[in-house]
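Below is one structure, written out as structure tokens; comments come after it.
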Amino acid sequence: MNYLEFYKNSIENPESFWLSQAKQLDWYKLPKNCLSKDTNDYYQWFEDGELNLSYLSIDKHINDGYGNDNAIIYDSPVTNTKRAITYNELKEEVSRLAGGLKNLGIEKGDTVIIYMPMIPQALFAMLACARIGAIHSVVFGGFAPHELAIRIDDCKPKAIITATCGIEIKRIIPYKPFVDEAIKQASHKPNQVVIFDRGIDVERTQKTYDIDYQELISNSKPANPVPVKATHPSYILYTSGTTGKPKGIIRDTGGYATALKFSMKYIYGVDEGDVFWAASDVGWVVGHSYIVYGPLLNRNTTILFEGKPIKTPDASTFWRVISEHQVKVMFTAPTAIRAIKKEDHDGDFINKYDLSCLKYQFLAGERCDVATLTWTKNHLKVPVIDHWWQTESGWPMLANMVGVELQDVKPGSAGMPVCGYDIVILDEHGEEVSAGVEGYVAVKLPLPPGTLMNLWGNPERFKAGYLKRFPGYYFSGDGGYKDEDGYVFITGRVDDIINVAGHRLSTAEMEEVVASHKDVAECAVFGIHCEIKGQKPLGLIVLKSQDADNEATITSEVIQDVRHEIGAVASFKEVLVVKRLPKTRSGKILRKLLRQMADDLSFNVPSTIDDADIITEIQTVYKSNQIGIHKD
Numbered sequence: 022m023n024y025l026e027f028y029k030n031s032i033e034n035p036e037s038f039w040l041s042q043a044k045q046l047d048w049y050k051l052p053k054n055c056l057s058k059d060t061n062d063y064y065q066w067f068e069d070g071e072l073n074l075s076y077l078s079i080d081k082h083i084n085d086g087y088g089n090d091n092a093i094i095y096d097s098p099v100t101n102t103k104r105a106i107t108y109n110e111l112k113e114e115v116s117r118l119a120g121g122l123k124n125l126g127i128e129k130g131d132t133v134i135i136y137m138p139m140i141p142q143a144l145f146a147m148l149a150c151a152r153i154g155a156i157h158s159v160v161f162g163g164f165a166p167h168e169l170a171i172r173i174d175d176c177k178p179k180a181i182i183t184a185t186c187g188i189e190i191k192r193i194i195p196y197k198p199f200v201d202e203a204i205k206q207a208s209h210k211p212n213q214v215v216i217f218d219r220g221i222d223v224e225r226t227q228k229t230y231d232i233d234y235q236e237l238i239s240n241s242k243p244a245n246p247v248p249v250k251a252t253h254p255s256y257i258l259y260t261s262g263t264t265g266k267p268k269g270i271i272r273d274t275g276g277y278a279t280a281l282k283f284s285m286k287y288i289y290g291v292d293e294g295d296v297f298w299a300a301s302d303v304g305w306v307v308g309h310s311y312i313v314y315g316p317l318l319n320r321n322t323t324i325l326f327e328g329k330p331i332k333t334p335d336a337s338t339f340w341r342v343i344s345e346h347q348v349k350v351m352f353t354a355p356t357a358i359r360a361i362k363k364e365d366h367d368g369d370f371i372n373k374y375d376l377s378c379l380k381y382q383f384l385a386g387e388r389c390d391v392a393t394l395t396w397t398k399n400h401l402k403v404p405v406i407d408h409w410w411q412t413e414s415g416w417p418m419l420a421n422m423v424g425v426e427l428q429d430v431k432p433g434s435a436g437m438p439v440c441g442y443d444i445v446i447l448d449e450h451g452e453e454v455s456a457g458v459e460g461y462v463a464v465k466l467p468l469p470p471g472t473l474m475n476l477w478g479n480p481e482r483f484k485a486g487y488l489k490r491f492p493g494y495y496f497s498g499d500g501g502y503k504d505e506d507g508y509v510f511i512t513g514r515v516d517d518i519i520n521v522a523g524h525r526l527s528t529a530e531m532e533e534v535v536a537s538h539k540d541v542a543e544c545a546v547f548g549i550h551c552e553i554k555g556q557k558p559l560g561l562i563v564l565k566s567q568d569a570d571n572e573a574t575i576t577s578e579v580i581q582d583v584r585h586e587i588g589a590v591a592s593f594k595e596v597l598v599v600k601r602l603p604k605t606r607s608g609k610i611l612r613k614l615l616r617q618m619a620d621d622l623s624f625n626v627p628s629t630i631d632d633a634d635i636i637t638e639i640q641t642v643y644k645s646n647q648i649g650i651h652k653d
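Under this note's numbering, read the sequence shown as residues 22 to 653, first letter to last.
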């Protein structure tokens with residue numbers, strides 16, 4: 022199959038293209054009306070169709086004779102637990118929990134917050150909600166009570182499903198006390214809190230709203246799937262907003278199922294029955310789409326991994342999981358690869374495992390630097406595919422569609438547009454720019470199935486944030502450019518473009534050069550205030566080995582590398598060595614926070630930060646180097 026012909030058909034004939042893909046699903050009522058508009062004058066897909074995500078993910082495969090196949094493999098190095106769960110077992114767990122939720126008075130259209138660690142019960146809860154038409158909102162396990170309270174007040178859940186605790190390498194996270202505190206802070210009070218006891222002694226206070234998970238399912242009858250409209254919200258997933266208030270992305274059901282089924286075959290190149298592993302978390306969009314719904318819709322065995330890429334027990338963990346469970350396609354963030362690379366630079370651990378089962382390694386979640394891409398390809402000896410998408414899109418927007426046609430990989434590019442995404446690069450006036458010219462990355466409407474429907478309870482914010490900037494287009498918030506061959510290069514969020522004395526420069530491009538230095542493990546480059554030039558770049562680097570004697574030499578070499586590759590116009594003169602960089606739990610470096618701190622501006626430590634102690638460390642480095650708004 023030819024990619025360009027396939028893609029062109031999806032853009033020129035979107036309704037017939039996606040209707041043919043929708044027919045790959047087992048609908049209760051097959052849609053006839055493919056594309057329409059809602060009351061907000063925004064596009065929606067398959068409005069007259071009816072289906073159920075839980076049925077498609079479980080019952081369909083049992084009915085087809087695959088009930089004894091593995092649906093989930095739970096691998097938890099932090100608890101030394103491994104468990105295979107068949108489709109038959111999954112149905113028993115999910116249908117009983119769904120029945121229990123119905124007994125609690127939860128009905129189609131009600132909201133439920135799921136606040137759990139990476140354990141099978143988190144997946145059971147998501148699928149149980151989908152089974153009865155309840156709208157789930159998964160909140161990343163371990164989020165601070167204040168952040169959980171904000172989400173409680175926004176989506177007003179009837180119930181919360183949680184666990185007694187989360188388990189990390191060196192600490193226990195007390196989930197239940199966090200939930201109690203969040204409910205205390207929130208104006209909205211959920212009726213019940215369903216608690217899965219992990220069997221670890223943690224401090225907890227019994228509340229009148231508490232319900233034991235095991236008792237609930239033991240006393241309930243299995244619930245059958247409830248048909249819902251294709252446009253029925255399947256879930257709400259919160260993403261950070263510029264105002265500080267999280268945005269509740271609403272995902273539909275029919276378009277989402279269609280897009281995910283399509284993506285498993287044509288983007289990731291997996292067949293039914295293959296083992297697929299997305300090393301993410303169900304609290305993020307990757308977990309929703311490619312730990313839970315995508316693989317299960319496609320009858321793939323999905324890996325549910327509770328651990329880290331390093332220190333569980335070492336940097337060999339990923340390769341053990343791939344080899345042991347015969348993973349065909351894996352998906353992780355470049356951050357995870359860089360962490361492994363730092364611990365095992367020569368890839369010695371990789372050589373200890375038979376990875377012949379692995380066909381493709383996908384990377385996403387942040388911009389992948391060339392050094393990381395090259396290291397991964399050289400050591401895994403399989404195609405390494407960088408691809409790009411967002412919480413809002415729900416599935417990839419740019420990729421090398423290996424299930425259609427494996428194309429050449431261009432380091433630095435996330436590939437070509439995926440079917441359905443008419444991606445253009447616009448200037449600030451909304452005019453399309455020429456090849457090689459950087460601008461704003463936008464997608465011509467309508468977006469394909471599976472993308473965001475709206476923002477929960479805030480349609481005006483939805484329009485203002487995504488549709489107003491360039492009428493007729495969805496604005497991604499990212500900058501980038503296309504080359505002559507149609508490959509798209511994402512240069513980062515538009516606020517990563519800095520203006521140095523009138524020159525628009527990409528800090529991501531500078532970061533690429535810094536990351537290529539042989540002694541640099543990780544880095545961040547961002548613009549800070551300059552009284553003379555308006556802005557100037559500042560680089561922070563983490564070294565592969567903490568050799569204080571060589572720090573001055575390395576920073577000098579890094580500065581010269583940028584000067585050589587980009588030129589003196591970049592005005593790249595300051596590089597600071599730090600022990601680590603602040604990141605979200607999904608691995609994204611918090612560049613905006615680093616910039617605010619450097620400019621001595623007020624800032625809020627985001628709830629998504631992996632380790633808040635890093636902030637103090639960075640502030641100390643800034644202070645000792647006199648970094649601040651009044652220094653040039």
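Note that beta-carbon positions come from the ideal geometry of N, C-alpha and C, so glycine has one too.
Decide if residue i is buried, meaning its Cβ has at least 16 other Cβ atoms within 10 Å, or exposed.
| i | result |
| --- | --- |
| Y49 | exposed |
| A354 | buried |
| T229 | exposed |
| E453 | exposed |
| H408 | buried |
| Q42 | buried |
| K539 | exposed |
| R172 | buried |
| E36 | exposed |
| I181 | buried |
| P659 | Residue 659 lies beyond the stretch modelled for the chain, which goes from 22 to 653, so this question has no answer here. |
Is the beta carbon of residue j closer than 8 Å to that of residue i?
| i | j | result |
| --- | --- | --- |
| M147 | T183 | no |
| L74 | A149 | no |
| V133 | K179 | yes |
| T279 | W477 | no |
| N319 | K373 | no |
| G126 | H253 | no |
| S527 | G513 | yes |
| G269 | A251 | no |
| D504 | V515 | no |
| T637 | T605 | no |
| G220 | Y196 | no |
| A203 | A170 | yes |
| V115 | I79 | yes |
| I587 | E327 | no |
| G424 | G290 | yes |
| V535 | A591 | no |
Does the beta-carbon of residue i, which I'm using as the reference point, lie nearer than 7 Å to any heavy atom of the ligand ATP?
| i | result |
| --- | --- |
| P627 | Ligands displayed in this structure: none; no statement on the ligand ATP is therefore possible. |
For residue i, which residues from the same chain have a beta carbon less than 6 Å from its beta carbon, with the 5 sequence-adjacent residues on both sides left out?
| i | result |
| --- | --- |
| G308 | S301 and D302 |
| R612 | A545 and F547 |
| F483 | N475 and L476 |
| K332 | I190 |
| D448 | V454 and G460 |
Hey, residue i and residue j are a contact pair by Cβ (cut 8 Å); roughly how many whole angstroms apart?
| i | j | result |
| --- | --- | --- |
| G86 | T107 | So it is not a contact: roughly 12 Å between Cβ atoms. |
| I271 | V296 | Not really, about 31 Å apart at Cβ, beyond 8 Å. |
| K594 | I580 | 6 Å |
| S241 | G121 | 4 Å |
| L597 | V642 | 6 Å |
| L614 | L561 | At roughly 12 Å, the Cβ-Cβ gap does not stay under 8 Å, so L614 and L561 are not in contact. |
| G501 | I575 | Not quite, the Cβ-Cβ distance comes to about 30 Å (not below 8 Å), so this is no contact. |
Residues in its own chain within less than 7 Å of residue i by CB, not counting five upstream and five downstream?
| i | result |
| --- | --- |
| I650 | Residue confidence for I650 is low, a pLDDT of 45 falling below 50, so the modelled location carries little weight; the figure read from the coordinates is stated next. The residues are H550, D620 and D621. |
| G507 | M437 |
| V403 | L379, K380, Y381 and Q382 |
| L46 | L72, L77, A278, T279 and K282 |
| D631 | K604, T605 and R606 |
| R601 | V563 and I635 |
Which same chain residues end up closer than 8 Å to residue i when comparing Cβ atoms and leaving out the 5 residues on each side of it in sequence?
| i | result |
| --- | --- |
| E293 | N319, R320 and N321 |
| Q640 | M618 |
So that I know if they touch, is there some Cβ in chain D lying closer than 8 Å to that of residue i?
| i | result |
| --- | --- |
| L394 | This model lacks chain D altogether; it includes just one protein chain. |
- [ ] Counting only runs of 3+ residues fully inside the region 133 to 215, write out the beta strand (DSSP E) ranges in chain order.
- [x] 156 to 159 and 180 to 184
Task: 3-residue-minimum beta strand (DSSP E) runs that sit fully inside the region 226 to 303, ordered along the chain - done: 231 to 233, 256 to 260, 268 to 272 and 296 to 299
- [ ] Write down every uninterrupted run of the alpha helix (DSSP H) in the region 22 to 78 whose length is 4 residues or greater and which is fully enclosed by it, in chain order.
- [x] 24 to 33 and 35 to 43
Task: Entirely enclosed beta strand (DSSP E) segments - the region 405 to 458, minimum 3 residues - done: 405 to 407 and 444 to 447
Task: Any beta strand (DSSP E) of 3 or more consecutive residues that is wholly inside the region 334 to 380 - done: 350 to 353
TODO: Scan the region 523 to 579 and note each continuous beta strand (DSSP E) run of 3 residues or more that stays entirely inside, going in chain order.
DONE: 524 to 527, 541 to 551 and 555 to 564
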